[in-house]
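The sequence shown stops at residue 121 when you use my numbering, and every number in between is there. Ideal Cβ positions, reconstructed from N, Cα and C, are used throughout, including at glycine. All of these numbers come straight from a predicted model, not from anything done at the bench. Let me begin by presenting the structure, written as structure tokens, before commenting on it.
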Amino acid sequence: MVDSMMDQASGLRRMIKPTPVRVIAVTGGKGGVGKTNISVNLAVAMADLGRRVMLLDADLGLANIDVVLGLHPEWDLSHVLNGECALDQVLLEGPSGIQVVPAASGVQQMAELSAAE
């Protein structure tokens, strides 16, 4: 009886043991080298293999993962960083069920620059 309870307890521990989070960062020294395409395709491929995937666009200068995926975010990473909303409010569902955290491209801020700036 005690042995079966121990086996059951160890089985439960294995079932609820959290799996480690794996992070893959795609980076490059300049724009236009394919970081977005590689990131999106890798995310979709991993999701198609049954992995849970979150794609976070951290390019605060020229973010475009949302554009590539045809998503229209109301909120983005800049809103989270500025404390205007929570991370779960910016999450969007992309193809193959990937979760996407879009970033702001900075284009709007450039359009609003004054002549002095």
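Please list the terminal residues of the continuous alpha helix (DSSP H) segment that includes residue i.
i	result
Val104	Segment Gln103 to Val105 is the beta strand (DSSP E) holding Val104; no alpha helix (DSSP H) there.
Ala47	Lys39 to Asp52
His83	Leu81 to Leu85
Leu73	Looking at the DSSP string, Leu73 is not in any alpha helix (DSSP H), and its letter there is neither H nor E.
Val94	Leu91 to Val94
Would you mind reading off the limits of the beta strand (DSSP E) that contains residue i?
i	result
Leu60	Met58 to Leu60
With distance defined between alpha-carbon atoms, name the residue in the options nearest to residue i.
i	options	result
Val48	Pro22, Ala108, Ala120 and Gln103	Gln103
Ala107	Lys34, Thr40, Ser14 and Gln12	Thr40
Lys34	Leu66, Leu91 and Pro24	Leu66
Would residue i be called buried (16 or more neighbouring beta carbons within 10 Å of its own) or exposed?
i	result
Ser109	buried
Ser43	buried
Ile20	exposed
>> Check whether the region 82-90 and the region 52-63 touch, using three or more Cβ-Cβ pairs below 8 Å as the test.
In response: no
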